[in-house]
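Student:
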Amino acid sequence: MSFFWRLAAVVLVALILSIYFLIPVSLSQSQVVIIKTSEIHAFQFLTNKTHWAKWWPGRRVADSIYNFNNGTYDIQKFTNSGATLNIKRNDYNVPSQIVFIAANKESVKITWNTVQVASPNPIARLQQYFVEKQLNRDIKNILTGLKTFLEDDRNVYGIDVKLAKVKDSVILATTQVFAKYPTTTQVYELVGKLQQQAKLKNIKVQGAPMLNVHQSGTTFETMVGMPVSSEFKASAGFLMNKMVLGNILEAEVKGGPNTVNAARIALENYRKDYGLISPAIPYQTLVTNRLSQPDTSKWITKLYYPIY
0 MSFFWRLAAV VLVALILSIY FLIPVSLSQS QVVIIKTSEI HAFQFLTNKT
50 HWAKWWPGRR VADSIYNFNN GTYDIQKFTN SGATLNIKRN DYNVPSQIVF
100 IAANKESVKI TWNTVQVASP NPIARLQQYF VEKQLNRDIK NILTGLKTFL
150 EDDRNVYGID VKLAKVKDSV ILATTQVFAK YPTTTQVYEL VGKLQQQAKL
200 KNIKVQGAPM LNVHQSGTTF ETMVGMPVSS EFKASAGFLM NKMVLGNILE
250 AEVKGGPNTV NAARIALENY RKDYGLISPA IPYQTLVTNR LSQPDTSKWI
300 TKLYYPIY
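For what it's worth, numbering that gives the first Met the number 0 labels the leading residue of the sequence shown as 0, then goes sequentially.
#1: According to DSSP, which residues form a beta bridge with Phe77?
#2: Less than 8 Å separating the beta-carbons of Asn68 and Arg58?
#3: Is it the case that the Cβ atoms of Gln205 and Val223 are separated by a distance below 8 Å?
#4: For Ile122 and Thr36, I'd like the C-alpha separation in whole angstroms.
#5: In chain order, what are the residue ranges of uninterrupted beta strand (DSSP E) at least 3 long that sit wholly in the stretch 184-267?
#6: Is the CB-CB distance between Asp73 and Ser63 below 8 Å?
#7: For Arg289, does the count of other Cβ atoms within 10 angstroms reach 16, so buried, or fall short, so exposed?
#8: What number of angstroms, rounded off, separates the C-alpha of Ser310 from the C-alpha of Leu125?
#9: Looking at the secondary structure, which residues open and close the alpha helix (DSSP H) in which Asn89 lies?
#10: Check whether the stretch 278-295 touches the stretch 208-221, taking contact to mean three or more Cβ pairs, one atom from each stretch, closer than 8 Å.
#11: Any idea if Glu131 is buried or exposed, counting beta-carbon neighbours within 10 angstroms, 16 or more meaning buried?
#12: Measure the C-alpha to C-alpha separation of Gly157 and Phe44 and round it to an integer number of angstroms.
#13: How would you write the range of the beta strand (DSSP E) that Arg59 sits in, first residue to last?
#14: Hey, how far is the Cα of Lys164 from the Cα of Gln214?
#15: When you compare only the Cα positions, how much space is there between Trp111 and Ile33?
#16: Considering only C-alpha positions, which residue in the set Ser168, Gly216, Val190 is nearest to Tyr180?
#17: Measure how close the beta-carbons of Ser296 and Gly255 come, nearest whole angstrom, since I'm counting them as under 8 Å.
#18: For a test of the three-state rule: what should DSSP assign to Ile158, helix, strand or coil?
#19: Look up Pro121 in the DSSP assignment and say whether it is helix, strand or coil.
#20: In angstroms, rounded to a whole number, what distance separates the CA positions of Ile306 and Phe129?
#21: With a cut-off of 8 Å on the beta carbons, I'd call Met225 and Leu171 a contact; round off their distance for me.
#22: Rounded to the nearest angstrom, what separates Gly176 and Val155 at their Cα positions?
#23: So for Tyr72, helix, strand or coil by DSSP?
#24: Who are the near neighbours of Met239 in its chain, counting only those whose CB is closer than 6 Å to its CB and skipping five residues on each side?
#25: Report the rounded CA-to-CA distance for Asp152 versus Lys76, giving the unit in angstroms.
#26: For Ile276 and Thr147, what's the separation of their Cα atoms in angstroms?
#27: Give a single yes or no on whether Lys271 has its beta carbon closer than 7 Å to a heavy atom of the ligand NAP.
#28: Alpha carbon to alpha carbon, how far is Leu162 from Gly144?
#29: Can you tell me where the beta strand (DSSP E) with Ile306 in it begins and where it stops?
This is the structure we're talking about:
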């Protein structure tokens with residue numbers, strides 16, 4: 000019987016030694032994710048506590064405390080490149096840090112590090128090891144959720160931005176300066192003139208009206224255009240514009256003037272955030288006829304921004 004007790008003791012000692020040998024004094028892990036977003040938006044959503052709730056895949060417990068898969072994530076402080084947190088799981092506190100840097104012009108690299116000093120108690124040390132393994136899986140899932148959120152332009156800009164190709168190369172246009180922002184009636188008076196000019200020249204109109212309004216001091220320089228089938232010699236007061244069939248940013252919104260203006264600003268911010276250069280002026284395509292549809296909530300507008 001003493002032989003079995005001695006054997007059991009040897010096995011127990013071997014198990015304890017293996018725990019010390021296999022589990023290091025410092026338990027650490029690092030999860031990395033590359034996200035297609037600008038550094039500006041990584042800063043916006045990682046260094047502001049009010050924005051964490053927008054992308055966090057779990058539950059917000061308090062002002063700076065979040066929960067995910069039975070773990071509690073307590074934000075200790077924000078930095079210019081991320082945040083430091085204390086993670087509590089199974090009565091163990093694990094210090095961690097999330098940081099971001101620009102990977103290139105279009106992406107950021109986000110790294111989440113955790114580290115804890117292993118307990119000298121073999122049982123506690125083993126428990127810490129399993130906690131670290133679970134946190135590794137949880138943080139990976141959290142970063143995957145952040146990636147999904149930030150790579151959706153609707154979450155960041157409020158609009159869905161697409162990269163498209165210019166389809167119409169010949170534009171019949173006319174301009175007029177107004178003392179105030181042009182009304183719907185004034186815009187469609189210009190549209191009517193374009194339609195009459197195209198009909199006079201026996202040229203086919205191939206799409207919805209295009210609009211650009213630029214405020215210069217106290218006046219509003221308004222250009223209205225319509226894509227036509229071919230180039231022709233236009234009458235006085237009309238322009239023939241040639242568009243390069245290159246790349247163009249596209250976004251579609253539904254709503255009235257305030258919605259369209261907010262989307263216009265968002266598209267401009269998108270262009271600036273990604274350092275895109277524009278060879279031509281942005282414009283709107285009035286998909287819905289504003290005169291026949293007085294309900295502005297039903298207006299559909301496509302916004303375009305030519306880029307290199």
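Virtual Cβ for every residue (Gly too), placed ideally from N, Cα, C. Predicted, not measured: the structure shown is a model, and the values here were computed from it.
Tutor: Working from what's here:
#1: Ala82
#2: no
#3: no
#4: 43 Å
#5: 209-215, 218-226, 238-241, 246-253
#6: yes
#7: Only buried fits Arg289, as 16 or more other CB atoms lie within 10 angstroms of its CB.
#8: The first residue shown for the chain is 0 and the last is 307, placing residue 310 beyond what the model contains.
#9: It is not in any alpha helix (DSSP H) - Asn89 carries neither H nor E in the DSSP assignment.
#10: By the Cβ rule, the stretch 278-295 counts as touching the stretch 208-221, because three or more pairs are nearer than 8 Å.
#11: buried
#12: 14 Å
#13: Its beta strand (DSSP E) spans residues 58-61.
#14: 28 Å
#15: 12 Å
#16: Gly216
#17: 7 Å
#18: coil
#19: helix
#20: Near 51 Å, if we compare the C-alpha coordinates of Phe129 and Ile306.
#21: About 5 Å separates the CB atoms of Met225 and Leu171; that is less than 8 Å, so the two are in contact.
#22: The amino acid occupying residue 176 in the given sequence is Val; Gly does not appear at that position. Separation of Val176 and Val155 (C-alpha to C-alpha, rounded to the nearest whole angstrom) is 34 Å.
#23: strand
#24: Glu230, Ala233
#25: 27 Å
#26: 27 Å
#27: This structure lacks the ligand NAP; in fact it carries no ligand of any kind.
#28: Approximately 24 Å between the Cα atoms of the pair.
#29: 299-306
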